[in-house]
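Student: In this text, residue positions in the sequence shown follow this note's numbering: the first is 246, and each later residue adds one.
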Amino acid sequence: MGGTILGTSREKPFKKKGSTVDEDKVNTMLSNIEKANLECIVCIGGNGTQKTAAKLAETGVNVISIPKTIDNDVWGTDVSFGFDSAVTIATDAIDRLHSTASLIRG
C-alpha cells in the first residue's frame, strides 16, 4: 500500500502565513503530544519533515529524525530510504506499460 498508512497528513505547522507562524497549529500539536504522554516523536521524511522536526525539537520535544527521500540526496549515504522503492515501483510500471503498448501496436 503506497503512501502513509498511519493516517497522518502533510501538515506544516511551523509554516509562516504572512509574517507569523500559525500558533494554533503548533499549540495543538504540542498539546496532543502532552495528552498522549509521548516521550519522543520519530520523524521520517524529506527536507520539509526534517525542518519541522528541528523546529519541534527547539520547542523542547524529544525528536528522533530519520531522513527519507526518493531524491537520493542524503549526504553520506549511497542509497537513501525511499529511493529504492521509488525506482522499483517506477520500473515495474514502465515494464507493464511496455507490454500493454506492444499489445496495442499488435
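All C-beta atoms in this analysis are idealised placements derived from N, C-alpha and C, irrespective of residue type, glycine included.
Starting from the C-beta of residue 356, find all residues in its chain whose C-beta is less than 8 Å away, skip the five residues before and the five after it, and write them out in chain order.
Tutor: Shown here, the chain extends from 246 to 351; a query on residue 356 therefore has no answer.
Student: For residue 315, which residues from the same chain have a beta carbon less than 6 Å from its beta carbon, with the 5 sequence-adjacent residues on both sides left out?
Tutor: Along the sequence shown, read from residue 1 onward, the residue named residue 315 stands at position 70. Answer for residue 315: 327, 328, 331, listed in chain order.
Student: Using the C-alpha atoms, what's the distance from residue 345 back to residue 305?
Tutor: Taking the first residue of the sequence shown as position 1, residue 305 is located at position 60. Taking the first residue of the sequence shown as position 1, residue 345 is located at position 100. Straight-line Cα distance between these residues: approximately 54 Å.
Student: Once DSSP output is grouped into helix, strand and coil, what is the label at residue 344?
Tutor: Here residue 344 refers to the residue found at position 99 of the sequence shown. Residue state, collapsed to three classes: helix.
Student: Which residues in the same chain as residue 286 place their Cβ atom closer than 8 Å to its Cβ, once the five residues preceding and following it in sequence are excluded?
Tutor: Taking the first residue of the sequence shown as position 1, residue 286 is located at position 41. Once the five neighbours on either side are set aside, the close Cβ partners of residue 286 are 278, 298, 301, 306, 307, 308, 309.
Student: Compare the beta carbon distance of residue 261 and residue 290 with 7 Å and say whether it is the shorter of the two.
Tutor: Here residue 261 refers to the residue found at position 16 when the sequence shown is read from its first residue. Here residue 290 refers to the residue found at position 45 when the sequence shown is read from its first residue. No, the pair does not count as a contact, with Cβ atoms beyond the cut-off.
Student: Kindly indicate which residue of 311, 317, 336, 334 has the alpha-carbon position closest to the one of residue 294.
Tutor: Residue 294 sits at position 49 when you count from the first residue of the sequence shown. When each option's Cα is compared against that of residue 294, the closest is 311.
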